[in-house]
Every structure is written in C-alpha cells, then in structure tokens.
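Student: Chains as they are written, first to last, in our numbering: chain A, 1 to 507; chain B, 1 to 135.
Take this structure, written in structure tokens, and hold onto it; I'll ask about it next.
Have a look at this one:
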C-alpha cells in the first residue's frame with residue numbers, strides 16, 4: 001500500500017487541500033522519515049523541525065480561514081545548502097562557512113516559502129557545488145538509497161538522495177555542469193536544469209556565475225514542473241535574470257502525459273552516444289530502448305552531429321575553475337565564515353592564506369589554482385579566451401541541431417552510480433561524469449533527466465537517466481517529451497523508482 | 001623547462017618578479033594540433049597557491065602538482081580547435097547592462113551583518129594588520 005510519504009507532491013497537496021490530512025501531519029511524517037533513514041543516507045546537513053512545523057501550521061491556519069492555497073501548499077521540500085536561507089545555517093558543504101547564519105533570503109527560498117512549501121532542511125553537497133558525487137562535502141558523503149555503498153551523484157547529491165529515499169517529495173538543486181541532471185539520473189528521479197536566466201541566482205553562493213542555475217527535483221515529471229513553476233520568473237535582483245514570463249511547464253507536462261509525440265522530431269546526438277567508448281553498456285542499452293519508446297509515441301527520430309561537443313569537457317574545466325577562482329576570492333576571513341591564524345602578529349594576507357588553506361577542501365583548492373592559472377595574463381588567451389570561443393561553437397552546434405530537431409536526447413551520464421571512494425584519487429575520472437551534461441550548461445539551454453531504465457552491469461540494479469535537451473526558453477519541451485516518455489515507460493515497466501530497495505521505516 | 005616558458009619575463013599573472021608559470025605551448029590560432037602539453041612543476045604550483053592565497057602544505061604540493069598537470073594536459077586540447085575568427089561567449093544569454101532606479105533602498109541591518117563576522121570591534125569588521133613593518 002502506498003504510504004503517505006510515497007505520494008507525489010501533487011497528490012500530497014491534494015490530500016492537504018481536501019482535508020484528508022493536515023500540513024502539520026505531512027511535515028511531521030517526513031521529519032519522522034528523515035529521523036528513521038538519514039543515519040544511513042546522510043542527505044541532510046541541517047534539519048529544521050521547528051521551522052517546518054511552524055510553516056505547516058501556517059498552511060493549516062490559512063486553509064481553516066478559508067484562504068485559497070497554492071498548488072504546492074504544505075508540500076515538504078529539501079533545499080540544497082548552497083541556497084541562502086535566512087536564519088538557517090548555510091555552508092555550501094564547506095568548513096569555511098561552518099556556523100554561518102545568513103542575514104537574508106535567496107529569491108528562490110522566498111518564492112518557495114511564499115508558495116506555502118514546507119522547507120524541511122538543508123541538503124548535503126560537494127563543497128561549493130564542485131563535484132559529481134557529493135564526496136567533496138566537508139561534512140562527509142551522502143549515500144545512494146539504491147545502494148548505500150555508492151554515491152548519489154553530485155553536486156546536488158543530498159537533494160537527489162532525499163527525494164529518492166522518500167524523505168521529501170521535492171527538492172532543489174543547482175546545476176553548473178550537470179549537478180541536477182546527473183544526481184537525478186543515478187538515483188532514479190527527475191531533475192531539470194532550467195534555461196540559464198530562467199531562475200534567479202540571487203542568494204545562490206556563486207561557483208561559476210555564467211553557468212550556475214538552480215532547478216527542481218521530483219519523483220515525477222509533473223511534480224518537477226510544479227516546483228519549476230514556483231521557482232522561475234524574472235528577478236530584478238539578478239542582472240542575468242531573463243525579463244520574460246516563464247514558459248508554462250506544468251501544462252506541457254500534463255499534455256505530454258497523454259502520450260502523443262506525433263510531429264515531434266527527436267535528435268539523437270551522435271557525439272553523446274558512446275560510439276567512441278567510455279560509456280557503460282548498460283547505460284547505452286537503456287538509452288537505446290528509451291529512444292525506441294519515443295519512436296513508439298510517434299516521435300520522428302533523427303541523428304544529429306554536434307562535433308564541438310567533444311571539446312565541452314575541456315571548455316568547461318577551464319571556464320568553471322576560472323570563474324570559481326574569482327568568485328571564491330570573497331572568502332577572505334574578514335566579513336563572514338572562518339578566520340584562522342589571527343594572532344595579532346600575522347598580516348591580513350597571512351591570515352587570509354591560512355584561513356583559505358584550513359577552510360577549503362582539496363577539490364576547491366585544485367579548481368582555484370587551475371582557474372588562477374587559466375586567467376593569468378600570459379595564458380588567458382590560450383585557455384580562458386579559447387574556451388569562450390569553443391563555447392560559441394557549442395552554441396552554434398546546438399542551433400544547427402535544433403534546426404533539424406525539436407529536442408535532443410542522450411544518456412544523462414555515461415555511468416550508473418559508482419562506489420564511494422572509487423573515483424576520488426583521480427580528478428579526471430570524476431570530471432568525465434559530466435560528459436553528456438556539459439554542452440547544455442555551456443550553451444545555457446534547458447535539459448531534463450528522466451529515469452529510463454535499470455542497469456545491473458556493475459552489480460545491483462541501478463537507475464539510468466535519459467537527458468532531453470531543448471532550445472533556450474523552451475523548457476516546456478523538456479517537460480512535454482519527458483512526461484510522455486515517463487507515461488509510456490511506466491505503463492510498460494512500472495516506475496523505475498518502484499525497484500528501489502526498502503529503507504528504514506519501510507522495512 | 002617546458003617549451004613556451006616565459007623565461008625572459010616576470011610572472012605574467014602578477015608581475016611579482018618570479019620566473020613565472022609554465023605555459024602551454026599550443027599553437028592556438030593556427031588550428032594546428034599540438035603535441036606540447038603543459039608540465040607544471042612543484043615550484044609553479046607553489047607560486048599559484050601563493051597567488052590564490054592558499055597556504056598549502058608540502059604534502060599538498062606533492063599531490064596537487066601531479067593532479068593539476070593531468071587536468072591541464074586534458075583541458076589543453078581546447079587548443080586543437082580552430083577558433084581564431086570565432087567571437088567569445090561569456091554568457092549564454094545576450095546581456096544588456098541593467099541599471100536600477102537611483103532610489104535609496106533598505107540595507108541589511110548592521111548588527112545582522114556583523115553577527116556573521118569572525119571578528120568585530122567598535123561596531124565594525126576587525127581586520128588584521130594590512131601593512132608589514134618594512135612597508
């Protein structure tokens with residue numbers, strides 16, 4: 001029997017709205033679920049029972065007063081710890097911000113709270129969102145609920161694990177090079193990276209400002225769309241926010257769920273199908289059967305080539321570290337966070353160096369140094385400048401591909417969830433996780449990951465994700481095709497997530 | 001010393017007088033594929049760490065020197081792309097400078113901001129000395 005914590009966000013909101021259950025009961029149930037399971041999963045860095053129950057009580061009071069509630073009122077959510085929350089600890093997974101309590105609210109936090117969504121707490125992540133496994137968190141790794149010895153993806157691994165483990169029906173992640181889509185794929189849930197500029201970055205702790213984008217996780221495409229609608233929209237506090245109304249992703253998801261893709265052209269990107277090797281066979285097999293499902297829905301499948309995607313990894317690992325080396329200069333031990341070595345004798349510069357040494361982890365230091373190198377005046381043209389030109393070429397490849405197809409598809413990641421510790425010694429082995437997600441990051445285009453199968457190639461059955469990419473400001477296409485795919489897949493096989501091993505209170 | 005090293009110049013990153021970093025000697029704008037990849041020495045990593053204000057340990061220098069060299073060698077293939085005539089993209093979405101109306105708005109309360117500071121004195125951020133004795 002479906003338990004309350006297993007309901008979708010839409011069904012949870014409907015149950016609250018109809019009076020079947022109160023928002024306080026829903027919040028308490030999810031807090032209990034976290035208490036029962038998070039010792040194993042470690043998805044949360046901070047749980048806020050008082051705040052969650054107070055927010056839920058407000059929803060119940062507004063309902064009792066006859067107010068009309070929003071479509072997600074009372075639904076619990078887990079927030080990635082890179083998003084600033086007034087009065088709640090925010091560390092971005094780093095020791096350098098341990099104990100910091102933000103004095104202001106991020107725009108998306110404000111939007112979530114205004115929608116009556118109940119924030120349960122803050123989720124674990126790779127430090128400053130740099131990583132693909134959540135192992136770079138200064139507070140220890142999060143464990144994948146499919147297999148506790150494996151990673152939940154990253155950098156938004158706490159947010160993906162929380163939703164997959166039924167600790168919350170919704171969560172928020174951020175995606176700079178794949179940090180929403182890859183964790184969604186390896187935990188068997190849905191995750192969407194919106195068009196760059198569609199969701200405000202005000203109050204995100206910046207990693208790579210020209211790439212960072214927050215977005216929703218859910219267990220269904222419709223739930224993900226419902227949260228997307230709450231997050232998206234112009235924000236004058238973010239100078240890169242697009243001053244246009246957001247696309248109607250909820251309607252697109254509901255239309256898609258009817259399962260008709262006649263007239264839709266789906267492009268399979270040659271460069272992202274593992275023809276050169278390096279992709280797991282189980283991933284390729286799930287992807288190919290996914291393409292056949294799309295064909296069965298009436299979509300026309302075409303092959304498109306995007307030759308410059310082969311350089312996306314190199315471009316990304318120059319641009320993102322360059323921007324991070326600049327953004328993280330703000331952690332100087334003066335205005336917030338850690339200060340080390342302030343003995344009255346050391347200079348500011350010495351204190352700064354000692355603070356950053358003590359406060360940053362290895363991956364953050366590596367990226368700061370790579371960025372410092374790439375931005376050095378003697379090498380700027382060869383590295384950062386050249387990477388920006390390649391970024392143009394990747395955007396042009398997308399433009400040409402979208403002349404031939406309405407959406408593009410690929411596996412979300414070349415691999416299923418890997419073992420904790422397996423890839424930590426070799427930074428490049430970690431970076432290749434982002435192979436399929438980087439092009440859309442560099443082009444600023446939207447992309448969704450939807451579960452498309454299971455692979456037993458590396459041991460237990462583990463989920464595989466299908467990435468659906470669309471042109472800028474056409475996020476609705478991701479949701480339409482994603483929902484159609486999900487409906488057809490579930491009708492044939494049952495939901496991927498129904499195969500997840502039982503955890504904690506389920507036992 | 002690797003090819004392309006800026007022997008005759010001061011460090012191009014900060015003009016500090018150091019002999020500088022190893023350059024990736026890639027023939028970028030010719031479109032030619034180059035076999036020459038960066039080689040980053042331990043001393044050069046130490047210099048980068050100084051520039052980035054990271055008081056790294058000797059053990060970290062040993063670890064990072066190898067790792068950064070691998071990463072830089074991998075990303076150096078960016079130079080294989082013929083892109084001389086291609087304009088750079090800094091942001092995915094075309095941006096115009098946005099100015100808000102010149103109206104005074106509320107600021108964060110001073111006590112809220114100082115509450116997060118590592119050290120406060122006289123209602124201000126307390127900063128370690130910024131000048132050395134010789135300066």
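Where a beta carbon is used, it is the ideal one built from N, C-alpha and C, also for glycine.
Mind checking residue 350 of chain A: buried by the 16 CB within 10 Å criterion, or exposed?
Tutor: Buried, by the Cβ-count rule.
Student: With distances taken from CA atoms, which of A/98, A/450 and A/91 is nearest residue 291 of chain A?
Tutor: With distances taken between Cα atoms, residue 291 of chain A lies closest to A/450.
Student: Could you tell me which chain A residues have their CB closer than 7 Å to the CB of residue 132 of chain B, listed as they occur along the chain?
Tutor: The answer, in chain order, is 347.
Student: Please list the segments of the alpha helix (DSSP H) lying wholly inside the stretch 212-270 of chain A, counting only runs of 4 or more residues, in order along the chain.
Tutor: As far as the stretch 212-270 of chain A is concerned, its whole alpha helix (DSSP H) runs of at least 4 residues are 221-231 and 249-256.
Student: Alpha carbons only, please: which of A/339, A/210, A/488 and A/409 is nearest the one belonging to residue 98 of chain A?
Tutor: Residue 98 of chain A has its Cα closest to that of A/339, out of A/339, A/210, A/488 and A/409.
Student: Measure the CB-CB distance between residue 217 of chain A and residue 159 of chain A and report whether it falls below 8 Å.
Tutor: Yes. Within cutoff.
Student: Using the beta-carbon count (16 or more within 10 Å), is residue 107 of chain B buried or exposed?
Tutor: Exposed, since its Cβ has fewer than 16 Cβ neighbours within 10 Å.
Student: Does chain B have any CB closer than 8 Å to the CB of residue 180 of chain A?
Tutor: With 8 Å as the cut-off, residue 180 of chain A does not count as an interface residue toward chain B.
Student: Measure the alpha-carbon distance for residue 410 of chain A versus residue 394 of chain A and round it to whole angstroms.
Tutor: Between residue 410 of chain A and residue 394 of chain A, the C-alpha separation is close to 16 Å.
Student: Just confirm the distance between the C-beta atoms of residue 74 of chain B and residue 368 of chain A, as a whole number of angstroms; I'd bet it's less than 8 Å.
Tutor: At roughly 18 Å, the Cβ-Cβ gap does not stay under 8 Å, so residue 74 of chain B and residue 368 of chain A are not in contact.
Student: For the stretch 437-448 of chain A, which residues have a beta carbon sitting closer than 9 Å to at least one beta carbon of chain B?
Tutor: Listed by position along the chain: 441, 442, 443, 444 and 445.
Student: Would you say residue 28 of chain B lies against chain A (beta-carbon separation less than 8 Å)?
Tutor: Its pLDDT being 30, under 50, residue 28 of chain B is placed unreliably in this model, and the value from its coordinates should be taken loosely. Yes, its Cβ sits closer than 8 Å to a Cβ of chain A.
Student: Can you tell me the Cα-Cα spacing of residue 34 of chain B and residue 407 of chain A, whole angstroms?
Tutor: With a pLDDT of 42 at residue 34 of chain B, under the threshold of 50, the predicted position of this residue should be treated as unreliable, and no value is reported.
Student: I want to see whether chain B comes within less than 8 Å of residue 508 of chain A, judged by CB atoms only; does it?
Tutor: Only positions 1 to 507 of chain A appear in this structure, which leaves residue 508 of chain A out of reach.
Student: Which one of A/104, A/147, A/193 and A/322 has the shortest CA to CA distance from residue 446 of chain A?
Tutor: Of A/104, A/147, A/193 and A/322, the residue nearest in Cα terms is A/193.
Student: Give me the chain A residues within the contact set of residue 89 of chain B, using Cβ-Cβ distance strictly less than 7 Å, ordered along the chain.
Tutor: By Cβ distance, chain A contributes 388, 391, 392 and 395.
Student: In this structure, how does DSSP classify residue 300 of chain A when only helix, strand and coil are distinguished?
Tutor: DSSP places residue 300 of chain A in strand when its eight states are reduced to three.
Student: Within 10 Å of its beta-carbon, does residue 467 of chain A have 16 or more other beta-carbons around it, so buried, or fewer, so exposed?
Tutor: Buried.
Student: Please state whether DSSP places residue 171 of chain A in a helix, a strand or coil.
Tutor: Of the three classes helix, strand and coil, the one that applies to residue 171 of chain A here is strand, per DSSP.
Student: Which term fits residue 41 of chain A, buried or exposed, when burial requires 16 or more other beta carbons within 10 angstroms of its beta carbon?
Tutor: Residue 41 of chain A is buried by the Cβ-count criterion.
Student: So what's residue 414 of chain A in DSSP terms, helix, strand or just coil?
Tutor: Three-state DSSP puts residue 414 of chain A in coil, outside helix and strand.
Student: Take residue 150 of chain A as the anchor and find which of A/502, A/459 and A/227 has the nearest alpha-carbon.
Tutor: With distances taken between Cα atoms, residue 150 of chain A lies closest to A/459.
Student: Using a C-beta cutoff of 8 Å, does residue 372 of chain A count as contacting chain B?
Tutor: So yes, residue 372 of chain A belongs to the interface.
Student: Taking 8 Å as the limit between beta carbons, can you name the residues of its chain near residue 313 of chain A, skipping five residues before and five after?
Tutor: Taken in chain order, the residues that qualify are 431, 432, 434, 435 and 438.
Student: For residue 53 of chain A, which residues of its own chain have a beta-carbon under 8 Å away from its beta-carbon, when the five flanking residues on both sides are left out?
Tutor: So the qualifying residues of the chain are 24, 27, 28 and 31.
Student: Use the C-beta contact count for residue 246 of chain A: other C-beta atoms within 10 angstroms, 16 or more gives buried, fewer gives exposed.
Tutor: When all chains shown are included, residue 246 of chain A counts as buried.
Student: I'd like to know if residue 314 of chain A contacts chain B, where contact means its C-beta is closer than 8 Å to some C-beta of that chain.
Tutor: Judged by the 8 Å Cβ criterion, residue 314 of chain A is in contact with chain B.
Student: At what residues does the alpha helix (DSSP H) containing residue 485 of chain A begin and finish?
Tutor: Per DSSP, residue 485 of chain A belongs to the alpha helix (DSSP H) from 475-493.
Student: Which term fits residue 136 of chain B, buried or exposed, when burial requires 16 or more other beta carbons within 10 angstroms of its beta carbon?
Tutor: Absent from the model: residue 136 of chain B. The displayed extent of chain B is 1 to 135, so no value can be given.
Student: Starting from the N-terminal side, write out each stretch of the alpha helix (DSSP H) that is 4 residues or longer and does not extend beyond the stretch 70-131 of chain A.
Tutor: 107-114, all fully within the stretch 70-131 of chain A.
Student: Reducing DSSP to helix, strand and coil, say where residue 64 of chain B ends up.
Tutor: Residue 64 of chain B: helix per DSSP, three-state reduction.
Student: So, is the C-beta of residue 157 of chain A closer than 8 Å to a C-beta in chain B?
Tutor: By this cut-off, residue 157 of chain A is not an interface position.
Student: Consider the Cβ of residue 451 of chain A: report whether some Cβ of chain B lies at a distance smaller than 8 Å.
Tutor: With 8 Å as the cut-off, residue 451 of chain A does not count as an interface residue toward chain B.
Student: Could you say if the stretch 481-488 of chain A and the stretch 250-266 of chain A meet the contact criterion of at least three C-beta pairs nearer than 8 Å?
Tutor: Output reads yes: the stretch 250-266 of chain A touches the stretch 481-488 of chain A.
Student: Measuring only between beta-carbons, confirm whether residue 107 of chain B sits less than 8 Å from chain A.
Tutor: Chain A contact via Cβ: absent.
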